[in-house]
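Protein sequences, first through last, are from chains R and Y.
At position 378 of the first sequence the residue is numbered 377 (numbering that gives the first Met the number 0), and the sequence of numbers has no breaks.
At position 166 of the second sequence the residue is numbered 165 (numbering that gives the first Met the number 0), and the sequence of numbers has no breaks.
Yeah, the Cβ is synthetic: ideal placement off N, Cα and C, and Gly gets one too.
Treat the numbers as computed from the prediction; the structure is a model and nothing was measured.
In what follows, a single structure is set out as structure tokens and then discussed.
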Amino acid sequence: MISLTNTSLRYQGDSVFADVNLEILAGEFVLLMGATGSGKSSLLRVMNGLTPHLTGGELTGDVHVNDRSIRNLRPRDLAASIGYIGQDPLAGFVSDRVEDELAFTMESLGLSPEVMRKRVEETLDLLGLNALRARSMATLSAGEQQRVAIGAALTAHPKILLLDEPTSALDPTAADEVLALLQRLVHDVGMTIIIAEHRLERVVQYVDRIIHVHGDGRVTISDPVTALRESEFVPPLIELARLESWDPLPLTIRDARRLAESLRERLATASPPGKRHNTFLPAETFALCDSITVTYGKRVALRDISLSFNRGTISAVMGRNGAGKSTLLATFVGLKSPDKGALTLGGHKPSELSSQSLSRLVGFVPQEPGDLLFSESVTAECEANDKDRGLIAGTTANLLNLITPEIDHRLHPRDLSEGQRLALALAVVAAAEPPLLLLDEPTRGLDYRAKARLGSILRKLANEGHAIVLATHDVELVAEIADRVMVLAEGELVADGDTEEVLTASPAFAPQIQKILAPSRFMTVRDVAHAEQPLA
Amino acid sequence: MKPATARRSTRIHPLAWWGWAIALTFAASAAANTWTLVAIAAGVVVVSLTCRSDGPWRHSINYAIYLAATLLVIRLVIAILFGAKIPGHVLFTMPSTHLPQWLSGISLGGPVTSEKILLILREGAKLATLVIIFGAASSLTQPKELLKSLPRALHEAGVIVVVSTTFLPQIVASIKRIRTAQRLRGSRGSRGLSLTRVLIPVIEDALTKSLDLAAAMESRGYGRTQEKHGRRVSASMLLLGLLGMVAGVYLLLIPTSFINFPWAVLAVAAAISIIGLWLSGKNLRLTVYRPIKWNLEAIALPILGVSVAATAGTLLHTNATLLFILLLVCAPVLYLGRQS
């Protein structure tokens with residue numbers, strides 16, 4: 000279906016990958032994995048010609064789609080055979096209504112109105128979008144947007160679908176829906192699908208083969224078991240399998256549960272993981288809200304919420320897209336004042352403080368860390384921050400060195416990797432030592448290594464006495480680092496308790512390890528390793 | 000929410016509404032009597048309030064009414080303050096001053112007569128009616144649907160307009176998002192400094208978004224049927240036709256002695272542009288999803304408009320004619336009914 004022969008890509012002299020040879024067969028579901036910035040997206044875009052036609056770069060070797068070389072074809076010429084869905088579906092929409100969006104590619108292809116109408120109706124049914132057909136794009140949830148983007152690609156009846164991180168913005172349930180849909184397209188419609196994704200735990204069980212972009216120029220394709228055995232990035236499931244030296248390597252929770260029988264027995268007698276240790280004691284409450292209600296016009300975003308954030312504690316706020324997580328953060332940083340109820344930060348009301356004094360109490364790292372950064376280089380960014388906040392010169396730079404020592408301070412913030420950019424934004428915010436630190440969806444686009452790094456930074460900050468709050472969909476991250484979990488649904492607080500208690504009670508939010516080892520309450524590989532150590 | 004399909008099937012071709020509206024503007028300019036204008040304006044408001052579409056442009060009639068009223072008030076105020084003196088029944092007298100010699104053409108203040116106010120209102124009524132007609136036409140049609148029914152050669156330009164209307168709100172949202180993030184950084188310093196601090200991330204964000212959009216449009220086949228050759232011929236014909244039409248309108252408004260056949264110039268120019276459009280669309284393999292068809296109801300609309308114009312231009316102005324014009328303007332309501 001797609002074959003790359005001796006394909007190499009260079010950007011301004013820097014090699015992204017070299018001498019890639021791979022062949023993807025018709026009807027395969029293929030995962031593209033690799034570290035952030037390793038060239039996954041570039042490789043995906045080579046397959047429909049967006050690289051180099053749109054992005055530039057120097058491509059050598061040959062790329063064949065359906066036994067036809069596409070070196071001299073523009074992506075628009077391939078629109079009928081390959082569908083491409085970018086990272087941010089909203090940014091790629093061209094119409095304001097779902098129905099018109101589905102028809103756009105067909106209009107460009109010049110299909111007759113009768114055919115278009117028929118295909119739009121079929122696609123609406125296939126993807127369960129009929130109820131949304133007249134809706135405007137901006138009113139759709141992230142999961143619905145992703146499904147509409149897939150539908151818009153499908154109406155052209157392509158043989159191949161390329162998707163760039165389709166689940167990174169989705170909550171676990173919406174992500175499962177999208178992946179199940181892709182699975183159905185492969186099995187029922189015979190589509191060939193290639194998907195680039197960081198959250199391997201969500202995808203691995205569905206795919207036939209894995210393309211591994213190593214980051215040093217090598218690209219290999221193999222079956223999932225081989226690829227994961229060699230990979231440096233693996234989901235928790237594989238990590239556990241390595242720890243227990245299970246063979247063959249299980250790819251699904253079901254396989255792992257079968258292999259884990261003896262482990263479960265051993266762990267049943269082992270002491271349970273116990274609560275995480277807060278070295279910062281006593282756990283003093285810094286921020287709290289008492290039955291607050293927040294509305295946007297007539298819409299109630301938060302209803303009667305009471306909760307508190309303690310110093311030294313990492314709290315995670317979870318819930319569906321649109322459940323009120325962002326509103327909760329916005330209320331704590333003083334962007335939104337509650338219509339009812341009281342909210343205090345260290346005894347102050349945020350709405351009564353100037354933005355200067357507020358920024359000393361609370362720090363906020365937005366979903367897009369680039370929103371905070373405006374300087375030409377990392378050094379300039381740190382210096383501007385010290386000056387702005389009246390800190391001793393070098394404070395921000397020192398903190399940044401503590402967080403990521405290997406960062407090149409001469410680089411432009413845009414040229415940093417996603418993880419480094421997040422670290423810089425975090426350093427800028429945390430330098431003023433605000434007791435409350437809020438992070439909105441910090442792991443979007445981060446690979447496992449960057450995520451582990453973030454986890455240890457946040458733990459360090461918590462131990463220094465910060466109250467840390469994460470709004471996130473990332474179950475594995477929460478299982479790894481959070482002390483407390485709050486779950487919001489439709490603006491109401493539906494669960495609030497210890498991580499272990501909340502996560503193990505919910506099928507949607509249970510981490511992989513817990514699913515394998517239930518009914519025991521182990522949630523992370525680290526906990527299991529810890530419990531196994533005395534036995535060994 | 001009503002099912003969209005039901006609404007879509009009763010859609011009226013947007014060009015029909017525009018044809019109706021343009022005929023009514025002729026009626027308004029032909030009307031010699033202020034009451035005729037009032038009848039036309041009132042009828043148009045009734046039609047647009049009942050038959051308007053449910054898209055974001057449905058409120059344009061409201062704005063048009065405000066605009067028309069504001070224009071009338073401004074005209075009145077200016078006329079009362081500066082206008083020429085018109086003899087008649089004095090309503091009240093404004094304090095007046097003597098202006099220097101070189102401004103002798105303008106009078107300031109002085110007596111205001113009821114005749115003067117009526118004259119101003121009568122003069123203003125025509126403009127106000129035109130504003131209301133255009134407001135009504137845009138609330139009755141969606142600009143997007145109008146773009147859809149344009150000739151194929153203009154399709155891609157139309158897509159760009161639609162894309163930018165959906166892209167701009169995203170940029171506005173990102174400005175808002177970035178400003179709040181920056182405020183929490185505790186930025187201090189001059190206003191100019193903080194402006195660049197917001198602007199740089201906004202521009203970077205907009206660039207990333209537009210690259211994403213370009214990738215999406217490219218991979219979805221946008222512009223794939225663009226014909227490189229033969230474009231020059233059709234483009235020059237279009238240009239020639241448009242220039243000819245401008246010249247024709249000029250000749251029509253300002254008659255000259257050399258060329259006294261402005262209508263012929265207009266007709267030839269229009270024909271050239273239409274051929275140019277057809278030529279450039281001929282090679283494009285583009286289609287439109289669910290095109291709006293001309294049905295009987297749609298064809299009736301411009302005919303109704305033309306008959307209003309004919310009535311307003313020819314018949315004597317009696318109360319019966321006024322009622323007839325009002326009914327004729329409102330006729331679409333009778334057979335189209337409530338649309339939303």
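With DSSP collapsed to three states, give me the class of residue 361 of chain R. strand
So, is the C-beta of residue 168 of chain Y closer than 8 Å to a C-beta in chain R? yes
Under 8 Å between C-beta atoms of residue 191 of chain R and residue 46 of chain R: no
Quick one: does residue 140 of chain Y have its CB under 8 Å from some CB of chain R? no
Residue 186 of chain R, buried or exposed, once every other Cβ within 10 Å from all chains shown has been counted against 16: exposed
If we define contact as Cβ-Cβ less than 8 Å, is residue 104 of chain R a contact residue for chain Y? yes
Leaving out five residues before and five after residue 131 of chain Y in sequence, what residues of the same chain have Cβ atoms less than 6 Å from its Cβ? 40, 43, 63 and 67
How about residue 344 of chain R and residue 361 of chain R: do their beta carbons lie closer than 8 Å? yes
Residue 115 of chain R - containing alpha helix (DSSP H), residue span: 112-125
Check the Cβ-Cβ distances between residue 521 of chain R and every residue of chain Y, and say whether any is below 8 Å. no
Please list, in chain order, the chain Y residues whose beta carbon lies closer than 9 Å to that of residue 365 of chain R. 176, 177, 179, 180 and 183
For a minimum of 4 consecutive residues, which ranges assigned as the alpha helix (DSSP H) are wholly contained in the region 30-113 of chain Y? 33-50 and 59-81
Neighbour-count burial assignment, residue 293 of chain Y, 16 or more Cβ in a 10 Å radius: exposed
Extent of the continuous beta strand (DSSP E) to which residue 459 of chain R belongs: Premise fails: residue 459 of chain R lies in the alpha helix (DSSP H), 447-462, not in any beta strand (DSSP E).
Beta-carbon neighbours of residue 223 of chain Y, restricted to chain R and to distances below 7 Å: 75, 76, 78 and 107
Residue environment, residue 106 of chain R, which counts as buried when at least 16 other CB atoms sit within 10 Å: buried
Contact criterion: CB-CB distance below 8 Å. Does residue 190 of chain R meet it with respect to chain Y? no
Below 8 Å on the Cβ atoms is my guess for residue 495 of chain R versus residue 485 of chain R; work out the distance and round it to an integer in Å. 5 Å
On a CA-only basis, which of R/169, R/525, R/120 and R/142 is nearest residue 132 of chain R? Give me that one, please. R/120
Measuring alpha carbon to alpha carbon, tell me which of R/354, R/417 and R/226 ends up nearest residue 368 of chain R. R/417
Following the continuous beta strand (DSSP E) through residue 291 of chain R, name the residue where it begins and the one where it ends. 284-295
Mind checking residue 162 of chain R: buried by the 16 CB within 10 Å criterion, or exposed? buried
Rounded separation between residue 296 of chain Y and residue 474 of chain R - CA only: 58 Å
On a CA-only basis, which of Y/93, Y/71, Y/28 and Y/268 is nearest residue 118 of chain Y? Give me that one, please. Y/71
Leaving aside the five residues before and after residue 458 of chain R along the sequence, list all residues of the same chain whose C-beta is less than 8 Å from its C-beta, in chain order. 313 and 480
Report the option in R/415, R/305, R/149 and R/174 whose CA atom is closest to the CA atom of residue 491 of chain R. R/305
Three-state secondary structure (DSSP) of residue 538 of chain R: Outside the displayed range of chain R (0 to 535) lies residue 538 of chain R, so it cannot be described from this structure.
Which same chain residues end up closer than 7 Å to residue 285 of chain Y when comparing Cβ atoms and leaving out the 5 residues on each side of it in sequence? 151, 154 and 224
Chain-order list of residues whose beta-carbon lies under 7 Å from that of residue 42 of chain R (same chain, five-residue window excluded): 16, 31, 212 and 218
On the premise that residue 112 of chain R lies in contact with residue 288 of chain Y, defined as a C-beta separation below 8 Å, what is that separation, rounded to the nearest angstrom? 7 Å
Of all Cβ atoms in chain Y, is any one closer than 8 Å to the Cβ of residue 175 of chain R? no
Helix, strand or coil, according to DSSP, for residue 247 of chain Y in the structure here? helix
Helix, strand or coil: how does DSSP classify residue 7 of chain Y here? Low local confidence applies: a pLDDT of 44 at residue 7 of chain Y is under 50, so the model's placement there is unreliable, with the coordinate-based value given in what follows. If DSSP states are grouped into helix, strand and coil, residue 7 of chain Y belongs with the helices.
Which ranges would you report for the alpha helix (DSSP H) in the region 214-276 of chain R if only whole runs of at least 4 residues count? 223-229, 235-242, 252-258 and 260-268
Interface residues of the region 102-128 of chain Y facing chain R [CB-CB below 8 Å]: none
Is residue 536 of chain R close to chain Y? Criterion is C-beta to C-beta, closer than 8 Å. With chain R represented from 0 up to 535, any question about residue 536 of chain R goes unanswered, as that position is not in the structure.
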